[in-house]
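Novice: If you're matching positions, the sequence shown starts at 12 in this note's numbering and goes up one per residue. Beta carbons: idealized from backbone N, C-alpha and C, even for Gly. Being a predicted model, the structure only gives us computed values, none of them experimental. Handing you this structure, nothing more for now.
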Amino acid sequence: MQLNFFRALANVLGLTWARVRSDFLFHSWVTITLGITVTALMFVPDADNYLRFDSVAILENGEWWRIFTAVFVHSSWDHYTWNVIVLVASSLVCEQINRRVFVIYLFAMLVANATFKLLIYGGEHSSLGFSGVASGTFVLLLILIIAEGMTTRDFWMVVVSAAILVVFSAHELGFLGSQTGWEMLTGHSIDSTPGKKTKPAHVLGMFTGFVVASGYLFTAAVIRKRQ
């Protein structure tokens with residue numbers, strides 16, 4: 012058993028870097044496409060008004076595309092910058108480890124997010140941004156790393172990744188910290204009022220990431236057992 016977490020983490024990151032360096036576009040095209048789309052829409056006038064999730068526009072005007080486009084638009088440059096940082100930090104690595112699971116999560120989150128908002132918030136709800144998806148991507152990534160640690164019997168990879176998952180979850184649920192990550196880094200608030208808020212979209216993303224990762228690992232274990 013390897014007891015050096017940092018060496019184990021370096022092994023995972025080294026594998027990721029080797030894939031990126033060998034064929035960056037092939038191993039990262041989903042994340043690159045997301046990043047380009049999000050960035051381009053920041054320069055399109057009134058894109059957020061036409062593409063954001065708006066339950067009234069969806070249900071009464073039939074503008075169903077908003078279900079899929081809302082995650083690509085942002086309310087400000089602070090909002091955009093923070094989400095792009097998280098996108099690159101989690102989605103890029105997650106795609107290197109397992110693109111199929113990452114893509115399944117993206118589609119599952121879009122469906123779950125739209126269903127949740129239409130059923131829970133009813134006729135008057137508006138939202139936008141990639142942060143809910145990003146929260147779930149980070150959970151998905153951590154669970155995949157934990158699984159890698161269990162497969163390789165790397166104690167510290169499992170323990171430290173699990174600890175990061177617990178701290179991140181506690182922060183997202185409002186039990187730890189009074190500021191968002193962006194506020195801690197820059198002192199600026201993404202929302203109209205500063206401070207950490209427990210956002211249902213973030214919690215839903217985390218839950219979806221957990222379900223997708225767990226489902227994938229369970230299915231993989233069943234397949235291995237049958238072989």
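Report the residue from 178, 52 and 64 whose alpha carbon sits nearest the alpha carbon of residue 129.
Specialist: Selected option, being the one with the closest Cα: 64.
Novice: With residue 116 and residue 162 assumed to form a contact (beta carbons below 8 Å), what rounded beta-carbon distance in angstroms separates them?
Specialist: Residue 116 to residue 162, Cβ: 20 Å. No contact.
Novice: For residue 42 versus residue 102, is the C-beta distance shorter than 7 Å?
Specialist: Cβ distance < 7 Å, so residue 42 and residue 102 count as in contact.
Novice: Excluding sequence positions up to five away, which residues of its chain have a Cβ less than 6 Å from the Cβ of residue 91?
Specialist: 53 and 85, listed in sequence order.
Novice: Give the C-beta separation of residue 74 and residue 81 to the nearest angstrom, bearing in mind that I take them to be a contact with Cβ-Cβ under 8 Å.
Specialist: About 11 Å; that fails the 8 Å criterion.
Novice: Using the rule of at least 16 other Cβ atoms within 10 Å of the residue's Cβ for burial, across every protein chain shown, is residue 123 buried or exposed?
Specialist: Label assigned to residue 123: buried.
Novice: Using the Cα positions of residue 12 and residue 164, report the straight-line distance between them to the nearest angstrom.
Specialist: Note on residue 12: pLDDT 42, under 50, position unreliable in the model; no value is reported.
Novice: Please report the residue range of the alpha helix (DSSP H) in which residue 188 lies.
Specialist: First-last for residue 188: undefined, no H or E at that position.
Novice: Is the distance from the Cβ of residue 152 to the Cβ of residue 222 below 7 Å?
Specialist: Against a cut-off of 7 Å, the Cβ pair of residue 222 and residue 152 comes out as no contact.
Novice: At the level of alpha carbons, what is the spacing between residue 238 and residue 232?
Specialist: Going by the C-alpha atoms only, they are around 10 Å apart.
Novice: Using 7 Å as the threshold, is the C-beta distance between residue 94 and residue 141 below it?
Specialist: Yes. Within cutoff.
Novice: Just how far apart, CA to CA, sit residue 132 and residue 210?
Specialist: About 13 Å.
Novice: I need the DSSP call for residue 59, collapsed to helix, strand or coil.
Specialist: Three-state result, residue 59: helix.
Novice: Give me the Cβ distance between residue 174 and residue 157, rounded to the nearest whole Å; I'm assuming they're in contact under 8 Å.
Specialist: Going by Cβ atoms, the distance from residue 174 to residue 157 rounds to 10 Å, so no, they are not a contact pair.
Novice: Exposed or buried, residue 234, counting other C-beta atoms within 10 Å across all chains shown (16 or more means buried)?
Specialist: The residue is exposed, with fewer than 16 neighbouring Cβ atoms inside 10 Å.
Novice: Going by Cα to Cα distance, which pick from 37, 155, 49 and 44 is closest to residue 6?
Specialist: With the chain represented from 12 up to 238, any question about residue 6 goes unanswered, as that position is not in the structure.
Novice: Ignore the nearest five residues each way along the sequence and tell me which others in residue 213's own chain have a CB closer than 7 Å to its CB.
Specialist: Counting only Cβ-Cβ distances below 7 Å, and skipping sequence neighbours, we find 142, 143, 146 and 183.
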